[in-house]
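Taking it in order: structure first as C-alpha cells, then the write-up.
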Amino acid sequence: MYVTAMDSDDDSVAPARSRNLLIRSQADIDALEAQGLVHIYVESVIDEESLDMAVLVGEEEEPAVMEDALAAAEPARSEPEIIDTAPFEEEIETARTIREEAVGLVREFMEEARSGRAIDTYKVQLTVEDMVDSIFRNHAALTSLARLKSFDEYTFVHSVNVAILAISVGRYADLSRYEIFELGMGAILHDIGKTRLPERLLNKPTILNDEEFREMKRHPELGVELLEASKDITETALDVANHHHERHNGSGYPGNLRGDDIHPFTRIVSVADVYDAMTSKRVYQRRYTPHETLRTMFRNRGKHFDPETVDTLVRCLGIFPIGSLVTLNTGEIAMVKSFDRREMLRPRVIILYDMDWKPLLSRREVDLRKRDDLRITGFVDPGQFGFNVDDIL
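First residue of the sequence shown? That's 689 in the working numbering, and the numbers climb one at a time after it.
Okay, here's the thing in C-alpha cells:
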C-alpha cells in the first residue's frame, strides 16, 4: 500500500512528503503517527507507475540527485552533436499539426481495433515518419509538445506523447533513422492491447482493485495477439507491446525480465511511458512536474529503469524541460523556453509573474547564461495559474 494523503488534527504538522510513501508494515504507520499524523489515507499500489513513484517511509531524499543527473546529462565527447536544420519558431507550427493528426490517427486505429477491424498500418507508418522528420529538423519543437495532456483522451494522447519522447530519445542515443522509425512504431502502438479490455475497466472513475489490476495487466499479451494479426508489424513493435512494463530489476511484467534481457527499444519506451504517465493527471494521482518526475526516475535508475536510458532522457529533455514553470531567486516566475545542452542549469526563460506572483503586463525574455544575478530556485505547478503554454511559446 502507499499513502495518498495525511494530516494532523490541528494542521500543525506539515510533512515534506505527504504522498506516495510506500507502506511496508504496521511499523511504517506507527512511524508516521509518531510525527503527529492522525489521519493517514492509503490505497493499494495499482500500477507500475504508482509503484515507481512510491517513496519508502523514512527514506531520505538523496541530496545530490539532480547534481548527479546534471553530470549524467553532460554531453560526452564521443556523443554526436545534434544539429537542427530548422529553427524552433519555424518548426513548432508544423510540429503542432503533426501531433494533432497523430492523436486523431491513434483514436481512429484504436476504435478500429476495438471493433475487430484490422489496423491500417500504412497510415501509422506515414504518421511516424512525419514525427521522425520533425525531430530531425528540430529536436526540441515536437518534443516540447509532449507536455500537452488530455484527461478525457488520456489513452490516445499518451500513445502519441510516448512516441514523441521515444523518437527524441532515440535521436539522442544516436540510433539510425530507420531504427528511430522502428522505435516510433513500437511506441505509438505500445498500448494497443487496451482496446481488448472492457471499457468499464479503462474508464473507471476510481482506482482499480487487485482483481481489476490483474485484468489490466493482460493488455501486453492482448496487444501482441492483435498486432500479430496485422500487416507489416515488426518483431520490435511486438516486443515493445509485450514488454513495456518490464523493469530493470526484474520486478515488472509479464516476463519478469531484467537488465539486458529487455530489448533496448523497449527500455526506451518503458521510460517514456512512465515519464508521460507521471506528468499526466490521472484518476488516482495528481500531475507531477517534469522536475519531480525526472528526479524520481533518476533516483530509480538501476532499479526500475535502465541507467543509460534515463541519462539519455535527461539529456533530451534537460534538467528544466521546455514549457516548465520555474521560480527565480528574485521571487519571479518564469517559463523555460529553450536550453543549451552545455549549460542546462541556465536556460532561456520568459518571465511571466513578478515577485508577488502578479502577471506582468510586459513579459521579459531572459537568457540566464548571460545573467549571473539570476538563477532558478524551484518549480511551480502550472495548474496554479491556468494559462496555456502554447499561447506563450
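Glycine is no exception: its CB is placed at the ideal position from the N, C-alpha and C atoms.
Nothing here was measured: the structure is a model prediction, and the numbers come from that model.
- For R955, there is no enclosing beta strand (DSSP E); the enclosing alpha helix (DSSP H) has its first and last residue at 952 to 966.
- For S803, the three-state secondary structure derived from DSSP is coil.
- Note on geometry: alpha-carbon atoms of E789 and K892 lie some 27 angstroms from one another.
- M1023 carries a strand assignment under DSSP once its states are collapsed to helix, strand and coil.
- Excluding sequence positions up to five before and after E779, its CB lies within less than 7 angstroms of the CB of S822, R825, N826, A829, all in the same chain and listed in chain order.
- Just so you know, the alpha carbons of D927 and D961 end up roughly 15 angstroms apart.
- The residues F776, A828, I1010, P1035, R1036, in chain order, have a CB closer than 7 angstroms to that of S1026 in the same chain once the five nearest residues on each side in sequence are set aside.
- Looking at the DSSP output, I1038 shares a beta bridge with M1023, E1053.
- A direct Cα-Cα distance of roughly 35 angstroms separates R906 from I1007.
- The DSSP-derived three-state label of R989 is strand.
- Rounded to the nearest angstrom, the gap between the Cα atoms of G943 and E934 is 7 angstroms.
- Contact check for S918 against T809 passes: the beta carbons are separated by less than 7 angstroms.
- In chain order, V959, M985, F986, R989 place their CB closer than 7 angstroms to the CB of V998, counting only its own chain and leaving out the 5 sequence neighbours on each side.
- Straight-line measurement puts the Cα of R1003 at about 10 angstroms from the Cα of R1030.
- In this chain, I880 is not harboured by any alpha helix (DSSP H), its DSSP state being neither H nor E.
- T815 and V794 have their alpha carbons spaced roughly 10 angstroms apart.
- Counting C-beta atoms within 10 angstroms of its own C-beta, T981 has 16 or more neighbours from the protein chains shown and is therefore classed as buried.
- Spatial neighbours of D1055 in its own chain (CB-CB distance under 6 angstroms, excluding positions within 5 residues in sequence) are listed in chain order as R1036.
- Taking C-beta atoms under 8 angstroms as the contact rule, M873 and A806 fail to qualify, at a distance of about 16 angstroms.
- Looking at the DSSP output, T1015 shares a beta bridge with I1021, G1066.
- With respect to M819, I868 sits apart: the two C-beta atoms are not nearer than 7 angstroms.
- One thing to note: D1028 has its Cβ no nearer than 7 angstroms to the Cβ of N849.
- Contact between L915 and I880 holds, with the beta-carbon distance rounding to 6 angstroms and staying under 8 angstroms.
- Per DSSP, reduced to three states, the secondary structure at P942 is coil, with no helix or strand assignment.
- Checking the DSSP bridge columns, you'll see Q1072 has no partner listed.
- With fewer than 16 other Cβ atoms inside 10 Å of its own Cβ, F839 counts as exposed.
- Bridge partners of P1047 according to DSSP: Y1041.
- Within the same chain, L910 come within 6 angstroms of R884 by CB-CB distance, once the 5 residues on both sides are set aside.
- The beta carbon of V957 sits closer than 7 angstroms to those of V850, A854, G874, A875, H878, V928, H932, all from its chain and outside the five residues before and after it, given in chain order.
- Looking at the DSSP output, R970 bridges to Q973.
- Comparing C-alpha distances from I950 to each of N930, V812, Y976 shows the shortest one belongs to N930.
- Closest by C-alpha distance to R1052, out of I852, A1022, T1018, is A1022.
- A buried status is given to Y860, since no fewer than 16 other beta-carbon atoms sit within 10 Å of its beta-carbon.
- Around the beta carbon of D994, a 10 Å sphere encloses 16 or more other beta carbons of the protein chains shown; the residue is thus reported as buried.
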